[in-house]
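Using full-length UniProt numbering, you'd call the opening residue of the sequence shown number 1 and step up by one each time.
Don't be surprised by glycine CBs; every beta carbon is placed ideally from N, CA and C.
Take a look at the structure set out below.
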Amino acid sequence: MDSDGLPGLLRDLTRIARELPARIVFENSHHLARLPEPVRRRVLSSLDGRPLRGRRLDSPRFASPLERRRFFVSSEYGLREHNRHHNGIDLAAEAGTPIMAAADGVVAVSRHEEGGYGNFVEVEHDGGWRTLYAHCEANNLRRVGEAVGRGDVIARVGSTGRSSGPHLHFEIRDPSDDPQDPSHFVFFSRSRPPG
Numbered sequence: 001m002d003s004d005g006l007p008g009l010l011r012d013l014t015r016i017a018r019e020l021p022a023r024i025v026f027e028n029s030h031h032l033a034r035l036p037e038p039v040r041r042r043v044l045s046s047l048d049g050r051p052l053r054g055r056r057l058d059s060p061r062f063a064s065p066l067e068r069r070r071f072f073v074s075s076e077y078g079l080r081e082h083n084r085h086h087n088g089i090d091l092a093a094e095a096g097t098p099i100m101a102a103a104d105g106v107v108a109v110s111r112h113e114e115g116g117y118g119n120f121v122e123v124e125h126d127g128g129w130r131t132l133y134a135h136c137e138a139n140n141l142r143r144v145g146e147a148v149g150r151g152d153v154i155a156r157v158g159s160t161g162r163s164s165g166p167h168l169h170f171e172i173r174d175p176s177d178d179p180q181d182p183s184h185f186v187f188f189s190r191s192r193p194p195g
């Protein structure tokens, strides 16, 4: 919290408000943002004298795993037909398009899975956060234990596993292994690239 106390805290929280899930309620003639309990605990535990600076409270800074203008969002995170949950976001791109690590980390998994993900790479990041990159081409996968930097090529777009065409299935998982909506961490344009 900065020197002007509560007003400074409110300014810091306002800066990150676009990144926190909250429910706006009307109580005692005031509009309030109610944070879900796990988020509220993270906010309160982060108030150790440092300004919050507008980033997510406990995650690395994630970048797009594909170069801009080389993909489009073909399937969003969330509920799909038949009440099945899609734990990531699908980014349609040409086969062979380089897939980049979304943040610094270490390759935790690099393997083929019949059906499902096909060839995939999973990278572990600071604080127990993980990213998963699925349906990759068969070769060019990074090896388990390799350190990777944000933006390093770790695989190439393919169509392996349960896939109807070349695309990257991209997941972000928090330290509790709960899937998170990647679009809450990275901006993905919803328009198709020209051509």
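**Item:** Span of the beta strand (DSSP E) around E171
**Value:** As a first step, residue 171 must be located in the sequence shown, where it is residue number 171. Per DSSP, E171 belongs to the beta strand (DSSP E) from 167-173.
**Request:** Can you check DSSP and say which residues form a bridge with I89?
**Result:** Start at 1 with the first residue of the sequence shown, and residue 89 comes out as number 89. F170, per the DSSP bridge assignment.
**Item:** Three-state secondary structure (DSSP) of H112
**Value:** Numbered from its first residue, the sequence shown carries residue 112 at position 112. Under the three-state reduction of DSSP, H112 is assigned to strand.
**Request:** Run the CB neighbour count on A102, radius 10 Å, all protein chains shown included, and call it buried at 16 or more, exposed below.
**Result:** If you number the sequence shown from 1, residue 102 lands on position 102. In this structure A102 is buried. Its beta-carbon is surrounded by 16 or more other beta-carbon atoms within 10 angstroms.
**Message:** So for N119, helix, strand or coil by DSSP?
**Reply:** On the sequence shown, position 119 is the one that residue 119 refers to. N119: strand per DSSP, three-state reduction.
**Message:** Once the 5 residues before and after S59 are set aside, which same chain residues still bring their CB inside 6 Å of it?
**Reply:** The sequence position of residue 59 within the sequence shown is 59, counting from 1. Closer than 6 Å at the Cβ level, and outside the excluded window around S59, lie W129.
**Message:** Give me, in chain order, the residues of the same chain whose beta-carbon lies closer than 6 Å to that of S163; leave out the 5 immediate sequence neighbours on both sides.
**Reply:** The residue given as residue 163 occupies position 163 in the sequence shown. If we look at S163 and ignore the five residues flanking it on each side, its Cβ neighbours are H135.
**Message:** Taking the beta carbon of F120 as the centre, do at least 16 other beta carbons fall within 10 Å, making it buried, or is it exposed?
**Reply:** Taking the sequence shown and counting its residues from 1, one reaches residue 120 at position 120. Buried, by the Cβ-count rule.
**Message:** Could you check whether the segment 170-177 touches the segment 84-104, counting it as contact only if at least three pairs of C-beta atoms, one from each stretch, sit closer than 8 Å?
**Reply:** Yes, since at least three Cβ pairs between the segment 170-177 and the segment 84-104 fall closer than 8 Å, the two stretches touch.
**Asked** How many Å lie between E76 and Y133 at the Cα?
**Response** Sequence index remark: in the sequence shown, residue 76 carries index 76 (1-based). Sequence index remark: in the sequence shown, residue 133 carries index 133 (1-based). Straight through space, the alpha carbons of Y133 and E76 are spaced by roughly 15 Å.
**Residues sharing a beta bridge with E124, DSSP** = Position 124 of the sequence shown, counted from the first residue, corresponds to residue 124. According to DSSP, which records beta bridges pairwise, E124 is partnered with V106, R130.
**Inter-residue Cα distance where the pair is E113 and A63** = Your numbering for residue 113 matches position 113 in the sequence shown. Your numbering for residue 63 matches position 63 in the sequence shown. Looking at the backbone, the Cα of E113 and that of A63 are separated by about 26 Å.
**Prompt:** In terms of residues, what are the limits of the beta strand (DSSP E) holding P98?
**Reply:** By 1-based counting over the sequence shown, the position of residue 98 is 98. From DSSP, the beta strand (DSSP E) with P98 extends over 98-100.
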